[in-house]
Amino acid sequence: MRRGPLLLTGAVVCAALHAVGVLAAHPVWRGAEVLSLALLFAYALTRGLPAPRWSVPAALAVLLVDAVRTMPAAPGGREFGWTVYGRIEHVDVTAGFAAGLTACGAGLLALAVLLAGWRGRVTRGPVVAAALAAVPIVGYATVRVVDLRRDLLAEDRSRPGGPDAADAVSAVVLAVLPALALALTALALAALLVGRGRRLAAAGAALLSLVALPLIDTSIGAVPLPYSAFVQPGVLYAVTPTAVLPQPVPALTVAVELTAYLLLVVGLAGAGRSAPAAPAPVAGPG
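Take the sequence shown: its letter number 208 is residue 224 in the working numbering, and every next letter is one higher.
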């Protein structure tokens with residue numbers, strides 16, 4: 017078996033192990049995500065890099081550093097305790113934004129690197145498709161913000177003297193921005209790649225935009241809001257953790273994210289290249 021398929025297979029297996037560990041809230045192997053990205057890096061080098069040759073390694077290096085930084089804790093190292101909800105006197109306006117940036121900052125930076133490497137003119141068709149794909153993501157964020165604003169204003173009217181409603185609404189608006197930036201950057205990259213014949217890589221970028229949906233709820237959840245604002249959580253959390261499936265939404269998010277990176281790298285590093293143009297026929301004698 018050649019090195020390229022072997023490395024790619026290893027990356028897929030390690031990605032699956034990491035997703036299973038997230039699902040069970042207990043890592044199968046702590047270094048699974050790191051090794052998956054490292055094997056993907058080696059696969060890209062083995063298959064050959066497109067011009068500009070720096071973009072794919074630089075993007076994967078960003079993801080590798082983040083994977084090392086966020087490596088799961090050793091089994092038995094987690095601490096459990098009580099969470100007490102009391103009266104909130106002040107809302108940290110930047111809490112949700114910071115949480116969102118922590119969750120998707122590496123992916124956003126990696127996409128920006130690829131976008132800088134593949135920048136250029138784009139035809140109208142891919143731009144229209146990317147804009148249409150962005151509508152449900154932006155719409156979901158808008159619905160969440162509007163619903164929470166309504167709840168927060170109702171809370172402020174019924175229980176005056178609490179945290180400033182304007183600060184709470186601002187915190188929610190800021191919280192959704194990193195996830196929206198990730199989605200829009202991913203769709204912009206997908207439009208660029210389609211125009212250059214890298215359809216497999218474009219599919220990976222488009223798939224990565226879906227990761228913004230659960231990240232919107234995660235970022236909003238990091239904002240300390242009055243209890244009434246959490247009566248109706250985001251629709252993505254209708255699937256709640258159980259004893260059998262402890263963390264279905266985070267596990268699905270990880271699976272989609274790593275699959276998107278696999279498609280991006282495979283589509284850019286040889287396997288998804290557009291076919292070279294056929295040479296012009298040479299006229300024979302006579």
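From the three backbone atoms N, C-alpha and C, an ideal C-beta is built for every residue, glycine too.
Span of the alpha helix (DSSP H) holding residue i?
| i | result |
| --- | --- |
| Thr234 | 228-237 |
| Pro66 | Taken as a continuous stretch (DSSP letters only), Pro66 belongs to no alpha helix (DSSP H), as it is neither H nor E. |
| Gly78 | Note on identity: in this sequence residue 78 is Val, with Gly being the wrong assignment. Where Val78 is concerned, the enclosing alpha helix (DSSP H) stretches over 71-85. |
| Arg215 | 215-225 |
Keeping to the same chain, check which residues put their C-beta closer than 8 Å to that of residue i; ignore five residues upstream and five downstream.
| i | result |
| --- | --- |
| Met87 | Arg46, Gly47, Glu49, Val50 |
| Leu231 | Gly116, Ala119, Cys120, Pro194, Ala195, Leu198, Thr269 |
| Leu304 | Absent from the model: residue 304. The displayed extent of the chain is 17 to 302, so no value can be given. |
So for residue i, helix, strand or coil by DSSP?
| i | result |
| --- | --- |
| Pro264 | helix |
| Phe185 | Reading the sequence as shown, one finds Val at residue 185 and not Phe. Note: Val185 maps to helix in three-state DSSP. |
| Leu241 | coil |
| Gly121 | helix |
| Val107 | coil |
| Ala204 | helix |
| His34 | helix |
| Val138 | coil |
| Arg173 | helix |
| Arg18 | coil |
| Ala41 | coil |
| Asp163 | helix |
| Pro194 | helix |
| Ala128 | helix |
| Pro152 | helix |
| Gly47 | coil |
| Ala271 | helix |
Just to confirm my understanding: we take residue i, look at its own chain, exclude 5 residues before and 5 after, and list those with CB closer than 6 Å. What are they?
| i | result |
| --- | --- |
| Ala217 | Leu209, Leu280, Gly283, Leu284, Gly288 |
| Ala115 | Ser235, Ala238 |
| Ala202 | Leu127, Ala221, Leu224, Ser225 |
| His34 | Ala48, Glu49 |
| Arg215 | none |
| Ala60 | Val72, Val281, Ala285 |
| Pro266 | Val38 |
| Cys30 | Ala48, Leu51, Ser52 |
| Thr139 | Gly211 |
| Pro43 | Gly37, Pro88 |
Suppose the cutoff is 7 Å on Cβ atoms and the five residues either side in sequence are ignored; what does the same chain contact list for residue i look like?
| i | result |
| --- | --- |
| Asp183 | Val107, Val109 |
| Gly112 | Ala187, Val188, Leu190, Ala191, Ser235, Ile236, Ala238, Val239 |
| Asp312 | Look at the range of the chain in this structure, 17 to 302, and you will see that residue 312 is not part of it. |
| Leu56 | Ala27, Leu76, Tyr277, Leu278, Val281 |
| Val311 | Examination of residue 311 is not possible in this model, given that the chain is present from 17 through 302 alone. |
| Ala58 | Leu23 |
| Ala40 | Pro262 |
| Val154 | Leu196 |
(message) Closer than 8 Å is the cut-off here; do at least three beta carbon pairs connect the segment 209-227 with the segment 155-173?
(response) no
(message) Counting beta carbon pairs with one atom in the segment 112-120 and one in the segment 179-196, are three or more of them shorter than 8 Å?
(response) yes
(message) Assess contact between the segment 52-68 and the segment 272-279, defined as three or more Cβ pairs (one per stretch) separated by less than 8 Å. Is contact present?
(response) yes
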